[in-house]
Amino acid sequence: MSISARGVSKRFGDFVALDDVSVEVATGSLTALLGPSGSGKSTLLRVIAGLETPDSGTVVIADEDMTNRSVQDRGVGFVFQHYAAFKHMTVWENVAFGLKIRRRARAEIRERVGELLALVQLEGLAQRYPAQLSGGQRQRMGLARALAVDPQVLLLDEPFGALDARVRTELRAWLRRLHDETHTTTVIVTHDQEEAMEVADEVVVMRGGRIEQVAGPRELYERPANEFVMSFVGHVNRIGDAFVRPHDLELVLEADDTTREAMVERIAHLGFEVRVELVCDDGEPLSIQLTRDEAERLELVRGEIVHVRPTRETTFT
Amino acid sequence: MLGYLLLVLLGPLAMGVWRVVDHGLGDAWSALSDPDTVHAFKVTLIVMAIAVPLNTIFGVVCALAIVRGRFPGRGLLNAFVDLPLALSPVVVGVSLFLLYGRQGWFGSWLLGHGYQVLFALPSIVLATVFVSLPFVAREVVPTLREIGDEQEQAASTLGASGWQTFWRITLPSIRWAVVYGVVLTTARALGEYGAVAIVSGSIQGKTETATLRVQEEYENLNQAGAYGIALVLAAIAIVVLVAMTVVRPRPESR
Numbered sequence: 576m577s578i579s580a581r582g583v584s585k586r587f588g589d590f591v592a593l594d595d596v597s598v599e600v601a602t603g604s605l606t607a608l609l610g611p612s613g614s615g616k617s618t619l620l621r622v623i624a625g626l627e628t629p630d631s632g633t634v635v636i637a638d639e640d641m642t643n644r645s646v647q648d649r650g651v652g653f654v655f656q657h658y659a660a661f662k663h664m665t666v667w668e669n670v671a672f673g674l675k676i677r678r679r680a681r682a683e684i685r686e687r688v689g690e691l692l693a694l695v696q697l698e699g700l701a702q703r704y705p706a707q708l709s710g711g712q713r714q715r716m717g718l719a720r721a722l723a724v725d726p727q728v729l730l731l732d733e734p735f736g737a738l739d740a741r742v743r744t745e746l747r748a749w750l751r752r753l754h755d756e757t758h759t760t761t762v763i764v765t766h767d768q769e770e771a772m773e774v775a776d777e778v779v780v781m782r783g784g785r786i787e788q789v790a791g792p793r794e795l796y797e798r799p800a801n802e803f804v805m806s807f808v809g810h811v812n813r814i815g816d817a818f819v820r821p822h823d824l825e826l827v828l829e830a831d832d833t834t835r836e837a838m839v840e841r842i843a844h845l846g847f848e849v850r851v852e853l854v855c856d857d858g859e860p861l862s863i864q865l866t867r868d869e870a871e872r873l874e875l876v877r878g879e880i881v882h883v884r885p886t887r888e889t890t891f892t
Numbered sequence: 671m672l673g674y675l676l677l678v679l680l681g682p683l684a685m686g687v688w689r690v691v692d693h694g695l696g697d698a699w700s701a702l703s704d705p706d707t708v709h710a711f712k713v714t715l716i717v718m719a720i721a722v723p724l725n726t727i728f729g730v731v732c733a734l735a736i737v738r739g740r741f742p743g744r745g746l747l748n749a750f751v752d753l754p755l756a757l758s759p760v761v762v763g764v765s766l767f768l769l770y771g772r773q774g775w776f777g778s779w780l781l782g783h784g785y786q787v788l789f790a791l792p793s794i795v796l797a798t799v800f801v802s803l804p805f806v807a808r809e810v811v812p813t814l815r816e817i818g819d820e821q822e823q824a825a826s827t828l829g830a831s832g833w834q835t836f837w838r839i840t841l842p843s844i845r846w847a848v849v850y851g852v853v854l855t856t857a858r859a860l861g862e863y864g865a866v867a868i869v870s871g872s873i874q875g876k877t878e879t880a881t882l883r884v885q886e887e888y889e890n891l892n893q894a895g896a897y898g899i900a901l902v903l904a905a906i907a908i909v910v911l912v913a914m915t916v917v918r919p920r921p922e923s924r
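Here is the structure:
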């Protein structure tokens with residue numbers, strides 16, 4: 576089901592959380608709201624869910640105006656960063672909660688909860704309490720709980736933000752697979768550009784309560800709308816008025832009129848990738864990404880003078 | 671620490687026990703089995719049965735308003751709930767007396783319609799409700815703050831109404847704070863003397879409560895009787911407190 580927020584504004588006292596924001600989410604897509612903290616991404620998600628009332632603007636879900644509908648009537652599944660697990664209930668009871676509220680038949684509840692626990696791989700832990708689960712397990716329970724009521728749209732507020740890096744990567748891949756199977760329209764809020772680029776079809780970049788750019792991951796990286804988006808979705812060097820990605824710089828040993836002189840300050844071996852930190856002749860720092868083979872061929876040493884040539888640069892007017 | 675507790679808490683209690691035994695258990699028993707004493711305990715129980723549930727409901731509603739409410743004057747409400755802790759019960763008694771007396775604002779109207787408040791059960795209930803008001807709210811407020819409102823929000827996204835969320839999510843989360851508040855309220859209601867002494871008139875066999883009865887026996891130079899009744903009151907309070915400690919789960923298993 577599609578989601579559309581139009582002209583949404585929201586203030587908290589003097590703080591403008593959302594400033595006339597409009598966004599469209601296509602049916603069956605997985606969209607990420609990406610931005611630094613305070614950019615308004617979580618507020619926008621909560622406005623869509625009905626957990627927050629906008630000062631102005633409308634929210635439409637599946638072609639129905641939901642602006643004045645209560646959160647209970649919007650048919651959304653919501654997943655919270657800190658899980659919001661019902662601590663006094665078992666995993667089974669947590670997942671069954673929405674179905675019990677809807678007074679579904681007992682047999683139906685048993686079947687549906689069983690299915691969902693299998694889907695999130697928590698069958699063996701049905702009788703545990705949330706306090707006895709790991710963070711990753713709690714969040715999978717949170718997802719099963721939200722999916723139990725067959726929501727029209729699934730909204731996730733920094734769902735993996737409180738988890739350690741390895742679990743986060745696992746759950747991210749798992750969420751993408753889940754979406755490919757169910758095709759539930761999903762919106763995920765994140766401040767992690769890698770997470771947004773990996774998991775989403777479309778990324779909405781936000782800053783200061785406004786939308787900076789809406790694009791697919793590839794377009795976002797290759798054609799960023801402005802300096803903010805460019806530096807938020809990846810590392811970037813500034814050379815004069817131009818912006819250059821670390822992998823769009825060539826390192827050569829012979830100078831010519833397209834190169835600049837720089838000194839090797841630090842070489843970091845990160846496996847396949849080698850990152851070289853340089854200082855230009857004008858004192859500006861520069862970061863270059865090389866493959867291991869390239870680095871070996873150049874035989875770089877610290878303190879060496881080298882020459883740098885951008886192969887692809889971006890300027891904003 | 672322990673010595674201080676012994677001196678301040680257990681000392682007087684032990685003294686009471688010793689006095690009862692010293693004067694002979696017979697005296698204490700005859701004071702306890704006196705119909706006026708039995709009636710006094712009945713009055714105390716009836717007052718508790720009304721005041722404790724009333725203050726439990728009020729306390730929970732009040733705590734919810736203080737923590738979750740979004741209205742001006744929330745801070746004022748928070749301060750007002752503590753008022754009975756700061757006011758001397760005698761002041762409460764006198765205020766009620768002025769309000770419900772023959773010349774009082776409410777008293778003259780109520781009397782005109784045939785309702786006797788002062789020197790009757792209603793005034794004892796009013797006084798007890800007032801002095802035992804803060805305990806449930808004081809226990810529940812910090813617990814509500816601690817659990818936050820994310821679980822309640824989650825319940826609402828799953829379709830639960832405000833009422834369903836309260837019964838299924840909020841109340842189970844604060845239940846031990848409520849239990850503890852109820853125990854403190856009960857103890858306070860059981861022991862109230864000053865305010866009740868003023869508004870009830872201490873009419874033997876009518877409006878005398880157990881604590882007033884202790885005073886009565888003491889003034890009549892029946893020390894064993896007074897200590898006997900006092901010990902029964904203390905025993906009830908101790909049983910309630912111990913029961914709660916046993917029932918209350920360990921913090922880590924919550």
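Top to bottom, those sequences are chains A and B. Counting from 576, one number per residue, gives the positions in the first sequence under my numbering. Counting from 671, one number per residue, gives the positions in the second sequence under my numbering. Glycine included, each C-beta is placed from N, C-alpha and C at the ideal position. It should be emphasised that the depicted structure is a prediction, and the values quoted were computed from it without experimental measurement.
First and last residue of the uninterrupted beta strand (DSSP E) at residue i
i: A/GLU787; result: 785 to 790
i: A/GLN864; result: 860 to 866
i: A/ALA592; result: 590 to 600
i: B/GLU887; result: Element bounds for B/GLU887: not the beta strand (DSSP E) but the alpha helix (DSSP H), 880 to 889.
Spatially closest choice to residue i from the options, by CA coordinates
i: A/GLY878; options: A/ILE842, A/ARG586, A/LEU795; result: A/ILE842
i: A/MET805; options: A/MET781, A/HIS882, A/HIS844, A/GLU848; result: A/MET781
i: A/MET838; options: A/ASP648, A/HIS882, A/LEU608, A/THR889; result: A/HIS882
i: A/THR760; options: A/GLY613, A/ASN643, A/VAL651, A/PRO705; result: A/VAL651
i: A/VAL695; options: A/ARG752, A/ARG581, A/ASP831; result: A/ARG752
i: B/ILE899; options: B/ARG845, B/GLY673, B/GLY696, B/VAL751; result: B/GLY696
i: A/SER631; options: A/ASP638, A/ALA637, A/VAL622, A/GLU639; result: A/VAL622
i: B/THR798; options: B/ARG689, B/LEU724, B/GLY739, B/GLN786; result: B/LEU724
i: A/THR606; options: A/ALA671, A/ALA682, A/GLN768; result: A/GLN768
i: B/LEU803; options: B/ASP819, B/GLY851, B/SER831; result: B/GLY851
i: A/GLY784; options: A/LEU609, A/GLU825, A/GLU599, A/VAL600; result: A/LEU609
i: B/GLY739; options: B/GLY818, B/HIS783, B/LEU882; result: B/GLY818
Test: residue i CB closer than 8 Å to a CB of chain A
i: B/ALA847; result: no
i: B/LEU828; result: yes
i: B/GLU878; result: no
i: B/ILE839; result: yes
i: B/GLU816; result: no
i: B/PRO742; result: no
i: B/GLN874; result: no
i: B/GLU820; result: yes
i: B/PRO812; result: no
Inter-residue Cα distance where the pair is residue i and residue j
i: A/TYR658; j: A/ASP589; result: 29 Å
i: B/ASN892; j: B/MET718; result: 27 Å
i: A/ARG687; j: A/ASP739; result: 30 Å
i: A/HIS754; j: A/ALA748; result: 10 Å
i: B/ALA710; j: B/TRP833; result: 40 Å
i: B/ALA913; j: A/ARG649; result: 46 Å
i: B/LEU715; j: B/LEU860; result: 8 Å
i: A/VAL634; j: A/THR834; result: 52 Å
i: B/THR877; j: B/VAL811; result: 35 Å
i: A/GLY736; j: A/VAL654; result: 12 Å
i: B/PHE767; j: B/PRO759; result: 12 Å
i: A/TYR796; j: A/MET772; result: 9 Å
N-terminal and C-terminal residue of the alpha helix (DSSP H) that residue i is part of
i: A/PRO611; result: Counting along the chain, A/PRO611 falls outside any alpha helix (DSSP H), and DSSP gives it neither H nor E.
i: B/SER778; result: 775 to 782
i: B/VAL852; result: 841 to 861
i: A/MET772; result: 768 to 774
i: B/LEU796; result: 791 to 801
i: B/ILE868; result: 864 to 870
i: A/THR890; result: Run containing A/THR890: none; DSSP gives neither H nor E here.
i: B/ALA900; result: 893 to 917
i: B/GLY673; result: 672 to 675
Short CB-CB distance (under 8 Å) between residue i and chain B
i: A/ILE578; result: no
i: A/PHE653; result: yes
i: A/HIS844; result: no
i: A/HIS657; result: yes
i: A/ARG677; result: yes
Chain-ordered neighbours of residue i on chain D, where CB pairs are closer than 9 Å
i: A/ALA719; result: No chain D is present in this structure, whose protein chains are A and B.
In the region 702 to 747 of chain A, which residue ranges form an unbroken alpha helix (DSSP H) of at least 4 residues, counting only runs that do not cross its ends? Counting whole runs of 4 or more residues, the region 702 to 747 of chain A contains the alpha helix (DSSP H) stretches 710 to 722.
Would you mind listing the alpha helix (DSSP H) stretches within the region 732 to 769 of chain B that are 4+ residues and don't spill past its ends, in chain order? Segments of the alpha helix (DSSP H) lying fully in the region 732 to 769 of chain B: 744 to 751, 753 to 756.
At what residue ranges does the region 685 to 711 of chain B contain a whole run of the alpha helix (DSSP H), taking only runs of 4 or more? Within the region 685 to 711 of chain B, the complete alpha helix (DSSP H) runs of at least 4 residues fall at 695 to 703.
Would you list, in sequence order, the uninterrupted alpha helix (DSSP H) runs of no fewer than 4 residues that lie entirely inside the region 801 to 848 of chain A? Taking only runs of at least 4 residues, the alpha helix (DSSP H) segments lying wholly in the region 801 to 848 of chain A are 802 to 807.
Can you give, in chain order, each stretch of the alpha helix (DSSP H) that sits fully within the region 615 to 688 of chain A and has at least 4 residues? Runs found: 616 to 624, 666 to 676.
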